[in-house]
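> The sequence shown runs contiguously to residue 107 in UniProt numbering. Think of the CB as a built atom: it goes at the ideal place given N, C-alpha and C, for glycine as much as any other residue.
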Amino acid sequence: MRAPIIIIKKLPAAGMAIFPFILLKSERFKKDMEMINHEKIHLRQQLELLVFPFYIFYFFNYLINLFKYRNHNRAYRNIIFEKEAYDHETDLDYLRTGHWYGWIAKI
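Structure representation (structure tokens):
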């Protein structure tokens, strides 16, 4: 999967996927293949849910987690989409060999 990469120095995170783009805070992250893979996994998740519903599910999952954990970092790391992306970011073949809708297993 090829995705245009845009550098945004004031990005609140090191990387972010907003279909069809990968946004990075710094040019140096272009060489971080695990980060790029993580963001590409998010792009596929967005495609799986026809883009817009992904953002709705992501936001509500975060809110539920924030209520449950009362901690931003724990809430973020337990978003089902983040779990899939973090679990497979080091597997650079995941997008080719992994299952579509892999995030469902994280519910």
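Along the alpha helix (DSSP H) that carries Met35, what are the first and last residues, could you check?
First-last of the alpha helix (DSSP H) with Met35: 33 to 48.
> What are the start and end residues of the alpha helix (DSSP H) that includes Ala105?
From DSSP, Ala105 is part of no alpha helix (DSSP H); its letter is neither H nor E.
> Considering Cα atoms alone, identify which of Leu92, Met1, Ile7, Trp103 is closest to Phe29.
Ranking Leu92, Met1, Ile7, Trp103 by Cα distance to Phe29 puts Ile7 first.
> Touching or not, the region 10 to 24 and the region 67 to 80, by the rule of three or more beta carbon pairs under 8 Å?
no
> Between which two residues does the beta strand (DSSP E) holding Leu66 run?
Going by DSSP, Leu66 is part of no beta strand (DSSP E) but of the alpha helix (DSSP H) stretching over 52 to 69.
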